[in-house]
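Residue numbers (our numbering), protein chains in the order written: chain E, 6 to 285; chain D, 13 to 299. Built from N, CA and C at the ideal position, the CB exists for glycine as well. In this text the structure is predicted, and so the values were computed from the model without any measurement.
Shown next, in the form of C-alpha cells:
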C-alpha cells in the first residue's frame, strides 16, 4: 500500500515540476510567429510582386495596428461586436441544442439513424454561402437568416461528433451498469451521456469555430453592424487595412470562443484532464 | 476492523444450477457453438473456478450466468429462479477498464446503491466501508485513471459487493495485472470472501490461480466448450502463498497441465468475452 501511495505522490510531484521543455517550445513558437509578421511587413512595405500573387495592395502590419486602434476608439466598435456575437452565439446555441439531441437519438437507435440521418447527410455538404438566397426567402427577418447561416455551420460538427461519441461507448461499460442495476433511463443519463461527453465537447469546440467562420458569409446578407459586415464593407470602400483588422478580429474571437468551450469542457470533465496528463 | 453490519455476511443463498446449456455465438456463416451441453452447479458460498484455454467458452458461460447472453438451449437457475437478464444480485467483474472514468472512486463504488435510490449520504457511508475492506481507504476522491491496475480491480470488487450479491461472477479479473500484484489480489479476494460469503464463479486460464483460490475447479475443453473434469480442492483455509509450492499443489498442477496440454494440431482461439464478441487480444491488451 505504501509503495502505491508513494508512486502516486511521485507522479503528482513530477507534474508540478517546471517544465523546461515546455518553455523551449513556447519560445520556438513565438519566434516562428514573429518571423511570419516580419516577412509580411517586408513584403507589404516593398510592394513585392511574385507574379501570381502581389502584395501591392496589402496593408502592412503597422497600418493594421493603427487602423485597429482607431476602430477600438470608435463608437461603432461595440455595436459591431455585440451584433456579431449575438448572431454567432444564437446560431451556436441552437445548433448545440439540435445537434446534441439529434446525435444522442441517432447514435442510440438504428431506427432514428435510418429515418433522420439521410436527409441530414444530404444537407451537410451544402456550404454556408449557398444557403444565402434561400435563407433570405425563408426567414422573415435578415437577423434570423443570419443566425440560420451560423447555425448550419455549427450544426454538423456537433451532430456528427455526438453520434460518434454515443456509438463509441464501450459495451462493457453498459453491461457493467446493467449488472449493477441500471434501467434504460439510467444507462442513458449515467453512462451514455458522460461517456459521449468528451466527443460532444470536441464537436462543440469545432462547431464554435465554424460558426465564426460562417459569420462573414452571413453578414454579407444585410445589416449595418457586425464584424463580417465591417470586413466586407471595408473592401467596398477600399479601406484595405480595415479588411485585415476585421479578419483578425473574427479569427481571434473565433479562437477565443473555441478555447472557452474547451475550458468549459475541462471544468465539467476533470477526469479528462487527468487522463490527458497521464498520456503526456 | 471495518464495520460491515450493513452487509449481510450470508447474502441469501446463491445456489447455481446449470443444465445442458448450449450457446451459439455469431450470426450467419460466422456462427459457431461456444458451449455445448454444459451442466454445472455451485453450492451457496462456494468458490468455483472455471479453468480452460483461451476461447473455450468459459467467459461465454459467465456472460450467460450474468444475464448478458441468452441460452440457446438448456437452463440456468440461481436459487431456483431462471436467469433472465442482468441483476445486481449477480455481480460481474470484468478483466479491466469497466469503472466509470468520469466518476470518483467513491461514486463508482456507490453506483449500485444510487440505482436503488439510496440517499447520497447513506451510499457514500457504505462505499467508504467497502473501500476500507479492499484496502483503499483514502482514495475515495481519486478518479480511476489515477489508480494502478490492481487498485482499479479492488474498486471493481467493492463496487460489486456493495449490492450484496448472492453470486459474484469474475471474468479473469486479475489476468491483466503483473504477477506480484496478482498474487496480492488473490489473497485479498480470499480475505474478503471469508467475510462476505457469496458464491463465486471465477474464470481463469491460470492453473496456479485456480488451485490457489477454488473450493472446486471445473476444467473445460477447447471449443465447443465442455466440462471435462471436476477437481475438489481440500487445501485448508485461510490459504497462504506457501501453498503453491507444496507437494500436493504441484501434483494437482501437473494433472491440470496434462488436461490442458494443447494438441499439436491446435491453434490458439481468439478470446471470447461475456458479452459474446470475439475480442482482438492484441488491441485488448494494448490499452
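What's the C-alpha gap between residue i and residue j?
{"i": "residue 246 of chain D", "j": "residue 223 of chain D", "result": "10 Å"}
{"i": "residue 26 of chain D", "j": "residue 76 of chain D", "result": "16 Å"}
{"i": "residue 100 of chain D", "j": "residue 187 of chain E", "result": "9 Å"}
{"i": "residue 121 of chain D", "j": "residue 139 of chain D", "result": "6 Å"}
{"i": "residue 161 of chain E", "j": "residue 104 of chain E", "result": "7 Å"}
{"i": "residue 82 of chain D", "j": "residue 94 of chain D", "result": "12 Å"}
{"i": "residue 288 of chain D", "j": "residue 99 of chain E", "result": "40 Å"}
{"i": "residue 206 of chain E", "j": "residue 173 of chain E", "result": "14 Å"}
{"i": "residue 125 of chain D", "j": "residue 97 of chain D", "result": "19 Å"}
{"i": "residue 291 of chain D", "j": "residue 199 of chain D", "result": "Per-residue confidence for residue 291 of chain D stands at a pLDDT of 45, beneath the threshold of 50, marking its modelled position as unreliable; the derived number appears in the next sentence. Cα to Cα, residue 291 of chain D sits roughly 28 Å from residue 199 of chain D."}
{"i": "residue 259 of chain E", "j": "residue 213 of chain E", "result": "7 Å"}
{"i": "residue 32 of chain E", "j": "residue 157 of chain D", "result": "32 Å"}
{"i": "residue 141 of chain E", "j": "residue 94 of chain E", "result": "20 Å"}
{"i": "residue 136 of chain E", "j": "residue 246 of chain E", "result": "29 Å"}
{"i": "residue 255 of chain D", "j": "residue 175 of chain E", "result": "39 Å"}
{"i": "residue 195 of chain D", "j": "residue 253 of chain D", "result": "8 Å"}
{"i": "residue 178 of chain E", "j": "residue 133 of chain E", "result": "39 Å"}
{"i": "residue 69 of chain D", "j": "residue 34 of chain D", "result": "10 Å"}
{"i": "residue 219 of chain E", "j": "residue 154 of chain E", "result": "7 Å"}
{"i": "residue 295 of chain D", "j": "residue 156 of chain E", "result": "Confidence in residue 295 of chain D is poor, its pLDDT being 33 and thus under 50, which makes the residue's placement too unreliable to answer from."}
{"i": "residue 73 of chain E", "j": "residue 252 of chain E", "result": "11 Å"}
{"i": "residue 183 of chain D", "j": "residue 105 of chain D", "result": "6 Å"}
{"i": "residue 87 of chain D", "j": "residue 231 of chain D", "result": "20 Å"}
{"i": "residue 118 of chain E", "j": "residue 237 of chain D", "result": "38 Å"}
{"i": "residue 222 of chain E", "j": "residue 88 of chain E", "result": "14 Å"}
{"i": "residue 55 of chain D", "j": "residue 30 of chain D", "result": "12 Å"}
{"i": "residue 52 of chain D", "j": "residue 107 of chain E", "result": "47 Å"}
{"i": "residue 285 of chain D", "j": "residue 180 of chain E", "result": "12 Å"}
{"i": "residue 249 of chain E", "j": "residue 69 of chain E", "result": "7 Å"}
When we look at the beta-carbon of residue i and count the other beta-carbons within 10 Å, is it buried (16 or more) or exposed?
{"i": "residue 256 of chain E", "result": "exposed"}
{"i": "residue 111 of chain D", "result": "buried"}
{"i": "residue 62 of chain E", "result": "exposed"}
{"i": "residue 235 of chain E", "result": "buried"}
{"i": "residue 162 of chain D", "result": "buried"}
{"i": "residue 42 of chain E", "result": "exposed"}
{"i": "residue 149 of chain D", "result": "exposed"}
{"i": "residue 281 of chain E", "result": "exposed"}
{"i": "residue 178 of chain D", "result": "buried"}
{"i": "residue 51 of chain E", "result": "exposed"}
{"i": "residue 273 of chain D", "result": "exposed"}
{"i": "residue 138 of chain E", "result": "exposed"}
{"i": "residue 175 of chain D", "result": "buried"}
{"i": "residue 164 of chain E", "result": "buried"}
{"i": "residue 260 of chain D", "result": "exposed"}
{"i": "residue 190 of chain D", "result": "exposed"}
{"i": "residue 54 of chain E", "result": "exposed"}
{"i": "residue 73 of chain D", "result": "buried"}
{"i": "residue 166 of chain E", "result": "buried"}
In terms of residues, what are the limits of the beta strand (DSSP E) holding residue i?
{"i": "residue 2 of chain D", "result": "No statement about residue 2 of chain D is possible, as the shown extent of chain D runs from 13 to 299 and does not include it."}
{"i": "residue 256 of chain D", "result": "Premise fails: residue 256 of chain D is in no beta strand (DSSP E) and is neither H nor E."}
{"i": "residue 104 of chain D", "result": "102 to 105"}
Taking the continuous alpha helix (DSSP H) assigned at residue i, which residues delimit it?
{"i": "residue 271 of chain D", "result": "259 to 272"}
{"i": "residue 266 of chain E", "result": "245 to 273"}
{"i": "residue 115 of chain E", "result": "115 to 128"}
{"i": "residue 183 of chain E", "result": "176 to 184"}
{"i": "residue 92 of chain D", "result": "Careful: residue 92 of chain D lies outside any alpha helix (DSSP H) and carries neither H nor E."}
{"i": "residue 225 of chain E", "result": "Per DSSP, residue 225 of chain E belongs to no alpha helix (DSSP H) and is neither H nor E."}
{"i": "residue 164 of chain E", "result": "147 to 172"}
{"i": "residue 136 of chain E", "result": "133 to 143"}
{"i": "residue 199 of chain E", "result": "198 to 218"}
{"i": "residue 194 of chain E", "result": "Note, residue 194 of chain E: premise wrong, no alpha helix (DSSP H); not H, not E."}
{"i": "residue 287 of chain D", "result": "Unbroken run through residue 287 of chain D: none, as it is neither H nor E."}
{"i": "residue 121 of chain D", "result": "117 to 127"}
{"i": "residue 232 of chain E", "result": "232 to 241"}
Name the residues in the stretch 175 to 189 of chain E whose C-beta lies less than 7 Å from a C-beta of chain D; which are they?
176, 177, 178, 180, 181, 183, 184, 185, 186 and 187
At which residue ranges does the stretch 28 to 104 of chain E contain complete alpha helix (DSSP H) runs of 4 or more residues, listed in the order of the chain?
66 to 78
Starting from the N-terminal side, write out each stretch of the alpha helix (DSSP H) that is 4 residues or longer and does not extend beyond the stretch 38 to 84 of chain D.
70 to 78
Of all the beta strand (DSSP E) runs that stay within the bounds of the stretch 146 to 210 of chain D, which reach a length of 3 or more residues?
179 to 183
As an exercise, report each continuous alpha helix (DSSP H) stretch of at least 4 residues that is fully enclosed by the stretch 218 to 243 of chain D, in chain order.
219 to 225
In the stretch 192 to 212 of chain E, which residues sit with their C-beta less than 8 Å from some C-beta in chain D, listed in chain order?
195, 196, 199, 200 and 202
For the stretch 169 to 196 of chain D, list every residue whose C-beta sits within 8 Å of some C-beta in chain E, in sequence order.
171, 172 and 175
Check each residue of the stretch 32 to 59 of chain E: if its Cβ is closer than 8 Å to any Cβ of chain D, include it; give the result in chain order.
Close to chain D, meaning a Cβ-Cβ distance shorter than 8 Å, is no residue of the stretch 32 to 59 of chain E at all.
Which residues of the stretch 241 to 271 of chain E have a Cβ closer than 7 Å to any Cβ of chain D? Give them in chain order.
For the stretch 241 to 271 of chain E, which is checked against every Cβ of chain D, not one residue is closer than 7 Å.
Mind listing which residues of the stretch 54 to 82 of chain D have their C-beta closer than 9 Å to chain E's C-betas, in chain order?
75, 78, 79 and 80
Residues, ordered as in the chain, of the stretch 98 to 116 of chain E that lie near chain D by beta-carbon distance below 9 Å
Correct list: empty, as no residue qualifies.
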